[in-house]
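Everything below concerns the one structure shown next.
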Amino acid sequence: MNDIDAWVWWLVGAAALGIPLVVTAMPEFGMLAVGAVAAAVAAGLGLGAVVQVLTFLVVSVALIAVVRPVAARHGRQSPRLATGVEALKGRQAVVLERVDGSGGRIKLAGEIWSARALDSGRAYEAGQEVDVVDIEGATAIVI
Numbered sequence: 092m093n094d095i096d097a098w099v100w101w102l103v104g105a106a107a108l109g110i111p112l113v114v115t116a117m118p119e120f121g122m123l124a125v126g127a128v129a130a131a132v133a134a135g136l137g138l139g140a141v142v143q144v145l146t147f148l149v150v151s152v153a154l155i156a157v158v159r160p161v162a163a164r165h166g167r168q169s170p171r172l173a174t175g176v177e178a179l180k181g182r183q184a185v186v187l188e189r190v191d192g193s194g195g196r197i198k199l200a201g202e203i204w205s206a207r208a209l210d211s212g213r214a215y216e217a218g219q220e221v222d223v224v225d226i227e228g229a230t231a232i233v234i
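Per this note's numbering, the very first residue in the sequence shown carries number 92; after that it's consecutive.
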């Protein structure tokens with residue numbers, strides 16, 4: 092054990108922390124691994140064991156304190172690019188066959204969709220433009 096330098100042990104620790112990072116997808120393990128790499132650098136520079144441990148602790152805690160809240164904030168944001176049916180909400184469509192509370196047909200984004208009026212007492216005639224407010228299955232809800 093004495094034949095192996097301290098920096099090698101820190102790198103082994105960093106690799107060991109990388110395993111649960113990959114298995115559990117918990118970024119905290121990655122931040123601890125970076126702290127272990129920083130401690131390996133300190134050991135490689137010939138600094139003592141106390142400085143190595145302090146380097147590991149300071150770098151790990153700093154990364155967790157700074158990176159984790161930023162990552163959590165970004166995780167709560169909704170995607171900026173809407174795809175699928177979410178991209179169709181709010182778009183305009185042209186009525187092909189009368190649309191009322193029981194059904195009809197519209198042309199939406201170049202495709203023909205079944206549609207239903209949001210207000211069941213309202214009807215839209217062929218040629219009118221309507222706004223898509225929701226998609227329920229394969230039916231567009233329009234106003």
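Even for Gly, the Cβ is constructed at its ideal location relative to N, Cα and C.
N- and C-terminal bounds of the alpha helix (DSSP H) containing residue i
i: Gly-166; result: 140-167
i: Thr-174; result: That residue, Thr-174, is in no alpha helix (DSSP H); it is neither H nor E in DSSP.
i: Gly-121; result: 118-135
i: Ala-97; result: 97-115
Neighbour-count burial assignment, residue i, 16 or more Cβ in a 10 Å radius
i: Val-221; result: buried
i: Met-122; result: buried
i: Ser-151; result: buried
i: Leu-199; result: buried
i: Leu-102; result: buried
i: Leu-136; result: exposed
i: Thr-146; result: buried
The beta strand (DSSP E) enclosing residue i, as first and last residue numbers
i: Gly-195; result: 194-199
i: Glu-188; result: 183-191
i: Glu-202; result: 202-208
Paired residues, beta bridge with residue i - DSSP
i: Val-233; result: Ala-208 and Val-223
Does the region 188-203 come within contact of the region 161-173, defined as at least 3 CB pairs closer than 8 angstroms? Cβ pair count under 8 angstroms is below three, so no.
Answer yes if the region 178-189 comes into contact with the region 152-160, meaning at least three C-beta pairs across the two stretches below 8 angstroms, and no otherwise. Taking 8 angstroms as the limit for Cβ pairs, the verdict is that the region 178-189 does not touch the region 152-160.
Is it a yes or a no for the region 107-117 touching the region 128-136, going by three-plus beta-carbon pairs under 8 angstroms? No, they do not touch.
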